[in-house]
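Participant:
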Amino acid sequence: MNHSNGDAGTSGTCWIRNGGQQTPLQFQNEPLFDAEVKIEDLEKEKQRQLAEAKAARRRQRHKEVVARSRLRHKETAAAIQQQELVLGRELHELLEQTGHSVTLGAEPTVVPLHEGALKQQELHHKYAEQVATQERILLENKELRRRIEDHAKLCDAIEKECVLCEVTADYRGCIKDVERSTS
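When you line the sequence shown up against the numbering used here, it's residues 858 to 1040, in that order.
1. Does the beta-carbon distance from L944 to Q978 come in below 9 angstroms?
2. Roughly how many angstroms separate the alpha carbons of E900 and T933, rounded to a whole number?
3. Is the CB-CB distance between H957 and I1015 below 9 angstroms?
4. How many whole angstroms separate the CB atoms of L948 and Q987, which I take to be in contact at a CB cut-off of 8 angstroms?
5. Between S1040 and T1025, what straight-line distance do the alpha-carbon atoms span, to the nearest angstrom?
6. DSSP three-state call for S1040: helix, strand or coil?
7. Between E1023 and T955, is the Cβ-Cβ spacing less than 9 angstroms?
8. What separation, rounded to the nearest whole angstrom, lies between the Cα atoms of V922 and K911?
9. From the DSSP output, in three-state form, read off H1008 for me.
10. Taking the straight line between their C-alpha atoms, what separation do you get for E953 and L1001?
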């Protein structure tokens, strides 16, 4: 089939070749063409609506993911602050137990994230001080453990020496008894 006019399907004329001869034919099914166009338009509209629905679902999922992430971040920040508080108390107790001077500062407080960079810097500085103090205590404890181990080794050596002395004294006593009995 060959359309002779430039406007597709609007003229209603079609040319058919039969053995080299062209004869015009009128379209009997112009409403069918309009129905196809309507179907295509409906499909495009459905595709557009589907794309909008998918985009809305993606936006909603993204909002939920962001909300969960923010909630986890807040929970994590609160948990970290609580853990820091507990570690600070434990550090304070350890310092008191080891006889170190304890400089009391203000109890750490939960600071909302929106209070500014200055508060965060102060907290970071306090945290760095705590970490430095903890590292110093860990080094001192390590040295104390090493000294305790050396002391324990010395005590073991002294105890072994005492046992050897007792065994040697008993052995000498046995030898003297044997010498007396043989003489």
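For glycine and all other residues, C-beta sits at the position ideal for the given N, C-alpha and C.
Facilitator: Taking the structure as given:
1. For L944 and Q978, no; Cβs fall outside 9 angstroms.
2. 48 angstroms
3. By the CB criterion at 9 angstroms, H957 and I1015 fall outside the cutoff.
4. 7 angstroms
5. The C-alpha of T1025 is placed about 22 angstroms away from the C-alpha of S1040.
6. coil
7. Taking C-beta atoms as the reference points, E1023 and T955 fail to come closer than 9 angstroms.
8. 16 angstroms
9. helix
10. 16 angstroms
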